[in-house]
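Offset between the sequence shown (1-based) and the working numbering: plus 18. Before any comments, here is the structure.
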Amino acid sequence: MFKSEYLNGLFKQVSERNEGQPEYLQAVEEFFEAMDFIVLSDPKIEKFGIMERIIEPERIIKFRVTWIDDTGKVNVNRGYRVQFNSAIGPYKGGLRFHSSVNESILKFLGFEQTFKNALTGLPMGGGKGGADFDPRGRSDGEIMRFCQNYMLELYRHLGPDTDVPAGDIGVGFREVGYMYGIYKKIVNESTGVFTGKGLTYGGSLVRKEATGYGLLYFVQEMLRVYRNDDLKDKKIIISGSGKVGLHAALKARELGGKVVAMSDVNGFVHDPNGLDLDIVKSLASETTEFSKKYLEYRSNATYDENPMNIWTIPCDIALPCATQNELPLESAKALVDNGCFLVAEGANMPTTLDATKHLQHADVLFAPGKAANAGGVAVSGLEMTQNAMHYPWTYAEVDEKLEVIMTEIFNKAYNEARKYTDHRNLVIGANIAGFMRVYQAMLDQGVM
Ligand code: NDP
Ligand code: 2IT
C-alpha cells in the first residue's frame, strides 16, 4: 500500500492494535501516505522509532462523569482527555461534547491537532478531549453541573504549561466559562488554562471568529497563488452553521463571495441569489433548526431535510465545516460534476480518503483541515500569550496576526508540496510541514 516497507509493517501493526477505531486509522493512513516520500529518504525516522512514537498518544485519561439532571436523576457519562504529543509545547486542543464521542474520534482529533499546531509556528503540542454528553436540549443548569463534574477530574491533568483545552463541537463560550470557573476555584489561580474564554475574564478578541475567518484567509491565498483570482462573486456552499461555519460564511461575504447554501444537522437551505447571512446569524445562534426556520423569513429559498444533499448544489467553492466524514465519495463526484473547483476543510477530516482522491484527480484544489482550519488554535495560542503577558491585544492586532499565520501555513504547505510532489497537493505538503517540526523536536529531546 505504501512504498516504504517500514510504513507497511507499521500500518499493519497499528491496525491490529487499534481495532474498532476507524476514524483513528483513517487519520493515520492519510498521514502515512504523505510520509512515504520522507520516510524513504531519511533512515533516522525508522532508526529512532519516530513513527512508532508519533502514532501512540503519550497519555489517555478516561474517567466517569456523574451529574444530576433537572428531574433529580443521576446520570453517568464518559469523559476523556487524549494528551497526544508534547514535543513542541503543552498539550493543546479542544473538548468535544457530543453523543458520538469515543476514543477513536478523540485519538484522530488529537493526532491531527499535533501537526496542525506545529503548522501554526506557535509552541503548542497536540491534545483533544471531551465526553459522550450532548448539550443539545439540556438546560443551563444541567450543562453547568455537567461541566463542573467533568472538571472535578480533569483539572488535575491541566495547567497553563501542561495542557490547555478549548472548545469544539458542543463546547463554546458557555461551556468553557463553566469549566474555567470551577477550575479556577479548585486551583486558586487565574492563569488562563482554557482558551476560547469570555472577553471579560481573559479571552482573546477574534477567537470566536478565528477558525472561520482563518479558513477564508487560507482560501483567499489558494485562489491568489493557483488561479490569480479572488473570492469576488464566487458561489460558496458551507456545511454546518456552528462556530466555524457561521464565521466562514460571514468572512466569505466580507471578501465578496456569495454563500448560496448552508446546513445544520437537520437539513440545508439554498438560495441561488445568496443567503441573507444576517438572518442566518441570528437564527444559528438561537436555534438548532436554523435552516428550516430560515424559510419563514425568506420564502424564495428552498429547504431540503437531508443535509447531505447540500453537496449536489452547483458552486465554485465548497467548505465542509460540520464534522468528520460528512463528505463521502458520491458527494465529491457531485461537486466535480457541478463545476466546483475548490474544497477547503473547516471541519476536521470531513472528507473521506476516497473523496479526497477523487477531488484531487479531478484537479479540484483541496485544502486539508489540519492546515485550513488552524486559525482557531492559532488564536488560542495568541490567547495564551496575552494571558501570560497580562495584556490584551486589540481586535485589529489579533486579526492581522491571524491572517499572517494563515498565509504562512499556506506557504509552508505549498513549499513542501512543491519540493516533494505536485505543488497543488496541499495534503502531502501540510502533513510534511507539520511533521518536520515535531520530528526535529523529538529528535533533539532524546528517546522517551
Ligand atoms: P459547533 O458545535 O459550533 O457546530 C457544529 C455544526 O455542525 C452545527 O451547525 C451542527 O448542526 C452541524 N452538524 C453536525 N453534524 C452535522 C451533519 N452530519 N450534517 C450537517 N451539519 C451537521 O462546532 P464547531 O463549529 O466548533 O466545529 C465544527 C467542526 O470544525 C468540527 O469538525 C470541529 O472539530 C472543527 N473545528 C473547530 C474549531 C473550533 O475552534 N471550534 C477549530 C478547528 C476545527 P446542529 O446545530 O443542528 O447540531
Ligand atoms: O480542532 C481544533 O483545532 C479546535 N477545536 C480548536 C483547538 C484549540 O485549542 O483552540
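Virtual Cβ for every residue (Gly too), placed ideally from N, Cα, C. The structure presented is a predicted model; accordingly, all values stated were derived computationally and were not measured.
Rounded straight-line distance, which links the Cα of Ala-352 to that of Met-326: One alpha carbon belongs to Met-326, the other to Ala-352, and they sit about 11 Å apart.
Under a three-way DSSP split, which group does Thr-369 fall into? Thr-369 falls in the strand class under three-state DSSP.
Cβ of Asn-405 versus every heavy atom of the ligand 2IT: is any distance shorter than 7 Å? No, since every heavy atom of the ligand 2IT falls outside the 7 Å radius drawn around the Cβ of Asn-405.
Who pairs with Lys-80 in a beta bridge, going by DSSP? DSSP output for Lys-80 lists Tyr-98 as bridge partner(s).
Bridge partners - Tyr-109, DSSP secondary structure assignment: Within the DSSP bridge table, the entry for Tyr-109 names Gly-143 and Asp-181 as partners.
If you measure between the beta carbons of Cys-165 and Met-197, is that distance less than 8 Å? Cβ distance < 8 Å, so Cys-165 and Met-197 count as in contact.
Exposed unless 16 or more other CB atoms sit within 10 angstroms - verdict on Leu-249: Buried, by the Cβ-count rule.
For the ligand NDP, is there a heavy atom less than 7 Å away from the beta-carbon of Asn-366? For the ligand NDP, at least one heavy atom lies less than 7 Å from the Cβ of Asn-366.
What is the residue span of the alpha helix (DSSP H) that Ile-520 lies within? Coverage of the chain is limited to positions 19 through 466, which leaves residue 520 absent and any answer about it impossible.
Can you tell me whether Gly-97 sits near the ligand 2IT, meaning its C-beta is under 7 Å from at least one heavy atom of the ligand? No; taking the cut-off as 7 Å, the Cβ of Gly-97 has no heavy atom of the ligand 2IT nearer than that.
So, under 8 Å CB-CB, Glu-472 and Pro-338 are touching, yes? Tell me the CB distance rounded to an integer number of Å. For the chain, the structure presents residues 19 to 466; residue 472 sits outside this window and is missing.
Spatial neighbours of Leu-217 within its chain, please: CB distance less than 6 Å, with the 5 preceding and 5 following residues excluded, ordered by chain position. So no residue of the chain qualifies.
Between which two residues does the beta strand (DSSP E) holding Thr-320 run? Counting along the chain, the unbroken beta strand (DSSP E) around Thr-320 starts and ends at 320-322.
Test item: CB-CB of Pro-183 and Ser-122 under 8 Å: No; because the gap between Cβ atoms is not below 8 Å, this pair is not in contact.
Does the beta-carbon of Ser-349, which I'm using as the reference point, lie nearer than 7 Å to any heavy atom of the ligand NDP? No, the Cβ of Ser-349 stays beyond 7 Å of every heavy atom of the ligand NDP.
Under the assumption that Phe-115 contacts Gly-188 (Cβ atoms under 8 Å), give the Cβ distance between them as a whole number of angstroms. Right, their Cβ atoms sit about 4 Å apart.
Using a threshold of 7 Å, is the CB atom of Asn-284 nearer than that to any non-hydrogen atom of the ligand 2IT? The nearest non-hydrogen atom of the ligand 2IT is 7 Å or more from the C-beta of Asn-284.
In angstroms, rounded to a whole number, what distance separates the CA positions of Asn-356 and Lys-276? Spanning the alpha carbons of Asn-356 and Lys-276 requires a straight line of approximately 17 Å.
Just the Cα atoms here: how many angstroms apart are Gly-292 and Phe-359? Roughly 19 Å between the two C-alpha positions.
Have a look at Ala-385 and Arg-192 and give me their C-alpha separation to the nearest angstrom. One Cα belongs to Ala-385, the other to Arg-192, and the distance between them is close to 31 Å.
Relative to the C-alpha of Glu-426, which candidate in Val-465, Ala-448 and Thr-412 has its C-alpha closest? Looking at the Cα atoms, Ala-448 is the closest of the given residues.
Report yes if the CB atom of Tyr-98 is closer than 8 Å to the CB atom of Gly-147, and no otherwise. The criterion of a C-beta distance shorter than 8 Å is satisfied by Tyr-98 and Gly-147.
Based on Cα-Cα distance, which residue from Asp-54, Gln-101 and Leu-140 lies nearest to Ala-392? With respect to the C-alpha of Ala-392, the residue from Asp-54, Gln-101 and Leu-140 having the closest C-alpha is Leu-140.
Mind checking Met-69: buried by the 16 CB within 10 Å criterion, or exposed? Its Cβ being crowded by 16 or more others within 10 Å, Met-69 is buried.
Who are the Cβ neighbours of Thr-412 in its own chain at under 8 Å, not counting the five residues just before and after it? Take Thr-412, set aside five residues on each side of it, and the residues of its chain with a beta-carbon closer than 8 Å to its own are Leu-223, in chain order.
Which residues mark the beginning and the end of the alpha helix (DSSP H) in which Phe-212 is found? Counting along the chain, Phe-212 falls outside any alpha helix (DSSP H), and DSSP gives it neither H nor E.
On the premise that Pro-178 lies in contact with Val-211, defined as a C-beta separation below 8 Å, what is that separation, rounded to the nearest angstrom? That belief holds up - the Cβ atoms of Val-211 and Pro-178 are roughly 5 Å apart, short of 8 Å.
Which whole-angstrom value is the C-beta distance of Gly-107 and Gly-128, which I expect to be below 8 Å? For Gly-107 against Gly-128, the beta-carbon gap comes to about 14 Å, at or over 8 Å, which does not count as contact.
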